[in-house]
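Quick note on numbering: the sequence shown equals residues 9 to 78 in this note's numbering.
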Amino acid sequence: MYAGATLMEKLWKDGRRLRPREVVAEFEKTLGDELDLMREAANCSLLRRNFSTRRCCSCPRCTGTSAPAK
């Protein structure tokens, strides 16, 4: 994607103004954050704890057994 963004900046008249390399960098950061499964498991545990006394919904227990070791 960076190669395409660099080409856009060089070959397209409005390419530099639209800053496609910055767009790609932001997309990369956001995608990495969204795919952080350890953070998602922590959020799931917190959600389960916050709603443990409510009958309206239930959240699965996160055991962490399938998480890769670092």
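Glycine residues also receive a C-beta, built at the ideal position from the N, C-alpha and C atoms. Every value quoted in this text rests on a predicted model; they were computed, and no experiment measured them.
Residue interval of the alpha helix (DSSP H) (run including residue i)
| i | result |
| --- | --- |
| Asp41 | 28 to 42 |
| Met46 | 45 to 58 |
| Met16 | 10 to 19 |
Rounded distance between the beta-carbons of residue j and residue i, thought under 8 Å
| i | j | result |
| --- | --- | --- |
| Glu34 | Arg24 | About 17 Å separates the two Cβ atoms, so there is no contact after all. |
| Val32 | Tyr10 | 6 Å |
| Cys52 | Cys67 | 6 Å |
Beta carbon proximity, residue i to chain B, threshold 9 Å
| i | result |
| --- | --- |
| Ala13 | Looking for chain B here will not work: only one protein chain is present. |
Proximal residues to residue i (C-beta, below 7 Å), its chain only, five neighbours per side dropped
| i | result |
| --- | --- |
| Pro28 | Ala13, Met16, Glu17 |
Close beta carbons around residue i, own chain, < 6 Å, minus the five adjacent residues each side
| i | result |
| --- | --- |
| Thr61 | none |
Determine, using beta-carbon pairs with one atom in the segment 30 to 42 and one in the segment 50 to 65, whether at least three such pairs fall under 8 Å.
no
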